[in-house]
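So the structure is just underneath, and the comments pick up after that.
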Amino acid sequence: MAHATNQTPTHAFNPLAAIAQRALDIDASGIRKVFDLAAKLKDPVNLSIGQPDFDVPEAIKERAIRAITEGKNRYTPTQGIAELIEPLRAGVIDSTGWRDPGLIILSGTSGGIMLAMFAALNPGDEVLFLDPYFVMYKHLPKLIGAVPVPVDTYPDFRLHPERLEAAITPKTKMLILCSPNNPTGITLSAAELQAAAAIARRHNLLVLSDEIYDAFCYQQHQSIAPLLPEQCILLKGYSKTYGMTGWRLGYAAGPKAIIEQMIKLQQYTFVCAPAPVQYAALELIQTHRVDMRPYIDAYRHKRDRLISGLGDLFEINSPGGAFYAFPKAPHGLTGSEFCARAIDNNLLLIPGNVFSNRDTHFRISYATSDDKLDRGIEILRQLAQHTPSA
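Taking this note's numbering, the leading residue of the sequence shown gets 94, the next gets one more, and so forth.
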């Protein structure tokens, strides 16, 4: 029997050499970089944060505390607790007309994006999504050797069917739609969704419909899911709607064959969504004590306040949902250059190249207090009026 020998290594261990190329190929999120910068500034006007400024409603907190004190702190079934799955599944059937969907409770919709990609994509498969896009859409496919394909939507950020059609190749397998959109706040119309569904059917594409911001829709929310009962994965969550971003809870519904693979993959990654949070979500379904309409109305007013304050100095589309706007940087500056000047004035924004192949715009989050939003608007106006051209 051979035995290991205590040989002295020829050189010291280098942790950097141990890092996989797939990790090196992905930059740290530009959003996180701004968060790190915010921690170093004194009382910045922070319009960069993509989460509500209100706290979790008391009724949901109470239900979570009750779950913890009652000992509901252990693993749940990988797919989630039946008490939550069944009413959610009934709601999906009611809203989409789907006959018999599968459903999985997730550790946030971000986890669902990952599981859906791991379940559906092979190396070399192409994934289409609209540019500007949520950062995960571009980087997660690379982890499995798939190819991200942004589809340009400038200058109006609408879905242009001819551009989408032109981006399709024999290797295209998935289309991701996010409405309301992060970072633009644009909501897709019924006509745009019908066009996308027709393209998906024609080319046998799996559609991943990311609807995490569906409650923050300032007109009636439209979904592609009812149009594609056999080839759509619907992603929804609680984080944005109820200020629960740190609690990590969402769900995915879709064809049972795909959902079953996502459940299997969750077993080897997230294991299950946090148990007390699953039980806390029952408060929303069983008692209906939480009314979010005042919060949604408040954010509609913030949206209007922002557009009114900036519309004469910036090229800016009025968002139909979420809590973001995506103005064009003024005076020929890049989004990065303009955001650097904003930082010099204690204002934090996200440059557009974090969300896009272009660097012409920047993202504003108006999920903040009215006072801070007004301060941000004033700084932006001063920058637009006094910043020299590039």
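Glycine included, every Cβ here is placed at the ideal spot set by N, Cα and C.
Check                                                                                                                     : Outcome
C-alpha gap between Gly463 and Lys395, whole angstroms                                                                    : Position check: residue 463 holds Asp in this sequence, whereas Gly was assumed. If I take the Cα positions, the gap works out to 7 angstroms.
Residue range of the alpha helix (DSSP H) that includes Ser203                                                            : 201-213
Arg156, buried or exposed, once every other Cβ within 10 Å from all chains shown has been counted against 16              : buried
Extent of the continuous beta strand (DSSP E) to which Glu219 belongs                                                     : 219-224
Three or more C-beta pairs below 8 angstroms linking the segment 469-481 and the segment 400-408                          : yes
The segment 142-150 touching the segment 322-337, judged by at least three CB pairs closer than 8 angstroms               : yes
Under 9 angstroms between C-beta atoms of Thr277 and Tyr417                                                               : yes
Span of the beta strand (DSSP E) around Arg456                                                                            : 455-458
Per-residue DSSP class, three states only, for Met385                                                                     : coil
Stretch pair the segment 432-448 + the segment 304-318: three plus CB contacts closer than 8 angstroms                    : no
Where the beta strand (DSSP E) containing Pro243 begins and where it ends                                                 : 240-245
Separation of Leu440 from Ala132, as counted between CA atoms                                                             : 13 angstroms
Separation of Gly238 from Tyr361, as counted between CA atoms                                                             : 19 angstroms
Segment contact, 8 angstroms Cβ cut-off, at least three pairs: the segment 345-352 with the segment 188-201               : yes
For Met267, the residue or residues it bridges with in DSSP                                                               : Val220, Leu299
Nearest neighbour of Asp66, chosen from Gly201, Pro444, Thr169, Ala460 [CA to CA]                                         : Residue 66 is absent from the structure shown; the chain starts at 94 and stops at 483.
Residue of Asp249, Leu208, Arg182 minimising C-alpha distance to Phe363                                                   : Leu208
Cβ contact check for the segment 105-118 and the segment 422-441: 3 or more pairs under 8 angstroms                       : no
Beta-carbon proximity check, Leu476 vs Val127, cutoff 9 angstroms                                                         : no
First and last residue of the uninterrupted beta strand (DSSP E) at Gly343                                                : 343-347
DSSP-derived helix/strand/coil call for Pro149                                                                            : Pro is not the amino acid found at residue 149; the sequence shown has Val there. Val149 falls in the coil class under three-state DSSP.
Residue closest to Val383, alpha-carbon to alpha-carbon, out of Thr171, Ser200, Ala152, Ala110                            : Ala152
Spatial neighbours of Thr189 in its chain, beta-carbon cut-off 6 angstroms, leaving aside the 5 residues before and after : Ala318, Pro319
Contact under 9 angstroms by Cβ, Lys329 with Tyr344                                                                       : yes
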